[in-house]
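Trainee:
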Amino acid sequence: MNFLAPINPIHNTEHMKIYYKDAINFIAKLTIRRLWNIALVLISFYVTKWLKRPIQWGMPFTISVEPTTACNLRCPECPSGLRAFTRPTGNLKENFFRDTINELYRDLVYLIFYFQGEPYINPKFLDMVKYAHDKGIYTITSTNGHFLNDENARKTIESGLDRMIISVDGTTQEVYENYRKEGNLEAVLQGAKNVVKWKRALNSPTPHIIFQFLVVRPNEHQIPDIYRLAKEIGVDEVKLKTAQVYDYQHGNPLIPTIEKYARYTQQADGTYKVKNQLLNHCWKLWHACVITWDGMVVPCCFDKDAIHRLGDLKQLSFKAIWQGETYQQFRRTLLKGRDQIDICTNCTEGCKVWA
0 MNFLAPINPI HNTEHMKIYY KDAINFIAKL TIRRLWNIAL VLISFYVTKW
50 LKRPIQWGMP FTISVEPTTA CNLRCPECPS GLRAFTRPTG NLKENFFRDT
100 INELYRDLVY LIFYFQGEPY INPKFLDMVK YAHDKGIYTI TSTNGHFLND
150 ENARKTIESG LDRMIISVDG TTQEVYENYR KEGNLEAVLQ GAKNVVKWKR
200 ALNSPTPHII FQFLVVRPNE HQIPDIYRLA KEIGVDEVKL KTAQVYDYQH
250 GNPLIPTIEK YARYTQQADG TYKVKNQLLN HCWKLWHACV ITWDGMVVPC
300 CFDKDAIHRL GDLKQLSFKA IWQGETYQQF RRTLLKGRDQ IDICTNCTEG
350 CKVWA
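Numbering that gives the first Met the number 0 numbers the first residue of the sequence shown as 0 and each following residue consecutively.
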């Protein structure tokens, strides 16, 4: 998470100004206790690499919570869109969320309101954002943009959400629906306009609004267009994201032809591999984790079906799970051989996600 990286390539000083406002907003959340915890996590990570055994002296300062597993779209590489979960599905309960935040907020800096599913489907989503905001946590969500009607746009601004990512994977309906199956680009763009309108009307510095463009072969020719569209609407930033696909070894029609936008590279024999050395360490296991809607703690966002359950918050405190033997054993396994953990073999830790 690099707040001071240059915006690419919206060449507009006003956008640069807004970007630095976002950085300042983030820095303002860094209390002395949170900074000390970040230092402990960093020291733990590097001592672990040196000793080659897991040391964890801090608490995570980044956490993802899952507002819901439900989604209105049918995206082809998403288990929510494919309705392919083997785990239970449902909505995050507000009381459970509050209890979890009450335990974690003193050390927590960055709270991500998404994992699988569309956050706005949970009717209590913005109430939970407001609760985290009131605890001084930097809040972020990612949405497909279909639920940003005028009322939800206003409530989003009023919730204090710090960063909003809106997925716009095409600038025409024909291209957009190649990946966002059953999606309506016009509705998404109107939703973005609603958020921009209310942000200005309420004279709010937040949220920092991002168009995320997932680069796949059917839309790679529209990369210049997404920047023009974002500027027209008044979006603060555009991010180009490389796409994860599951069946990549023998090629996949979603893998871009432009090499820099692909997570996979073609080898001499024609097969593909992940652009990742799979080194036997992982920053995620020290500074972050994911909490599913029903309270399961899993190591990271690549465990989409929550196979590697490291603890259940309905039975144990977060600290007991984070410092417990199950978590430590998972860290030990990773240090011995990251290529032996299924979710790690198609992981981007160690390679570029944002092009």
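The beta carbon of each residue, even a glycine, is placed where N, CA and C say it ideally should be.
When we look at the beta-carbon of D338 and count the other beta-carbons within 10 Å, is it buried (16 or more) or exposed?
Mentor: Exposed, because fewer than 16 other Cβ atoms sit within 10 Å of the Cβ of D338.
Trainee: For H207, write down the residues that DSSP places opposite it in a beta bridge.
Mentor: DSSP output for H207 lists R162 as bridge partner(s).
Trainee: If D21 sits next to R162, beta carbons under 8 angstroms apart, how far is it from one beta carbon to the other, in whole angstroms?
Mentor: Their Cβ separation, rounded to whole angstroms, is 7 angstroms, which keeps D21 and R162 in contact under 8 angstroms.
Trainee: Counting pairs of Cβ atoms below 8 angstroms between the stretch 24-40 and the stretch 263-276, do you hit three or more?
Mentor: No: fewer than three Cβ pairs fall under 8 angstroms.
Trainee: Determine the extent of the alpha helix (DSSP H) in which A191 is found, giving its start and end residues.
Mentor: Counting along the chain, the alpha helix (DSSP H) containing A191 begins and ends at 184-200.
Trainee: Would you kindly report the start and end of the unbroken beta strand (DSSP E) that includes I355?
Mentor: No information on residue 355 is available, as it lies outside the stretch 0 to 354 that the chain covers here.
Trainee: Curious, which full-length beta strand (DSSP E) runs of at least 3 residues does the stretch 24-77 contain?
Mentor: Segments of the beta strand (DSSP E) lying fully in the stretch 24-77: 61-64.
Trainee: Please state whether the Cβ-Cβ distance between V194 and I165 is less than 9 angstroms.
Mentor: Going by C-beta atoms, V194 is nearer than 9 angstroms to I165.
Trainee: For T99, does the three-state DSSP call read helix, strand or coil?
Mentor: T99 falls in the helix class under three-state DSSP.
Trainee: For the beta strand (DSSP E) that contains Q265, what are its first and last residues?
Mentor: Q265 -> beta strand (DSSP E) spans 263-265.
Trainee: Closest to S43 by CA distance: which of K51, Q55, L50 is it?
Mentor: Ranking the options by Cα distance to S43, first place goes to Q55.
Trainee: Given that a residue counts as buried once 16 or more other Cβ atoms are within 10 Å of its Cβ, and exposed if not, what is K335?
Mentor: Looking at its Cβ environment, which holds fewer than 16 other Cβ atoms inside 10 Å, K335 is exposed.
Trainee: For R86, which of E117, W292, K48 has the nearest alpha-carbon?
Mentor: The shortest C-alpha separation from R86 is found at W292.
Trainee: Is it true that the stretch 100-110 meets the stretch 297-305, where meeting means three or more beta-carbon pairs spaced less than 8 angstroms apart?
Mentor: Contact fails: fewer than three Cβ-Cβ distances are below 8 angstroms.
Trainee: Report the option in I342, L309, H207 whose CA atom is closest to the CA atom of I23.
Mentor: Ranking I342, L309, H207 by Cα distance to I23 puts H207 first.
Trainee: Between the beta-carbon of F114 and the beta-carbon of V289, is there less than 9 angstroms?
Mentor: The answer is yes: Cβ separation under 9 angstroms.
Trainee: To the nearest angstrom, how far is it from the Cα of G135 to the Cα of E236?
Mentor: Their Cα atoms are separated by approximately 24 angstroms.
Trainee: Helix or strand or just coil, what does DSSP make of Q235?
Mentor: Sequence inspection shows Asp at residue 235; the Gln mentioned does not correspond to that position. Residue state, collapsed to three classes: coil.
Trainee: For A261 and V174, I'd like the C-alpha separation in whole angstroms.
Mentor: Their backbone Cα atoms lie some 18 angstroms apart in a straight line.
Trainee: For R308, which residues of its own chain have a beta-carbon under 8 angstroms away from its beta-carbon, when the five flanking residues on both sides are left out?
Mentor: If we look at R308 and ignore the five residues flanking it on each side, its Cβ neighbours are M295, V296, V297.
Trainee: Run the CB neighbour count on R199, radius 10 Å, all protein chains shown included, and call it buried at 16 or more, exposed below.
Mentor: Flag for R199 reads exposed.
Trainee: Please determine if the stretch 184-191 and the stretch 142-162 are in contact, where contact requires at least 3 C-beta pairs separated by less than 8 angstroms.
Mentor: As far as the Cβ criterion goes, the stretch 184-191 touches the stretch 142-162, which means the pair count is three or higher.
Trainee: Can you give, in chain order, each stretch of the beta strand (DSSP E) that sits fully within the stretch 308-335 and has at least 3 residues?
Mentor: None, since the stretch 308-335 contains no complete beta strand (DSSP E) of that length.
Trainee: Quick one: is W321 buried, meaning 16 or more other Cβ sit within 10 Å of its Cβ, or exposed?
Mentor: Buried, since its Cβ has 16 or more Cβ neighbours within 10 Å.
Trainee: Considering just the uninterrupted stretch of the beta strand (DSSP E) at L110, what are its terminal residues?
Mentor: Element bounds for L110: 109-112.
Trainee: Would you please state the rounded distance, in angstroms, between the beta carbons of K303 and P78? I believe it to be under 8 angstroms.
Mentor: With a Cβ gap of about 5 angstroms, K303 and P78 count as contacting.
Trainee: Pull the bridge partners of F212 from the DSSP assignment, please.
Mentor: Paired residues: L239.
Trainee: Enumerate in chain order the residues of its own chain whose CB-to-CB distance from I57 is below 7 angstroms, with the five nearest sequence positions on each side excluded.
Mentor: A small correction: the amino acid at residue 57 is Gly; Ile does not occupy that position in the sequence shown. Hits under 7 angstroms: N36, L39, V40, S43.
Trainee: Just the C-alpha distance for I340 and N279, rounded to the nearest angstrom, thanks.
Mentor: Looking at the two C-alpha atoms, the distance is approximately 11 angstroms.
Trainee: Note down the Cα distance separating L81 from L103, rounded to an integer number of angstroms.
Mentor: Each residue's alpha carbon lies about 33 angstroms from the other.
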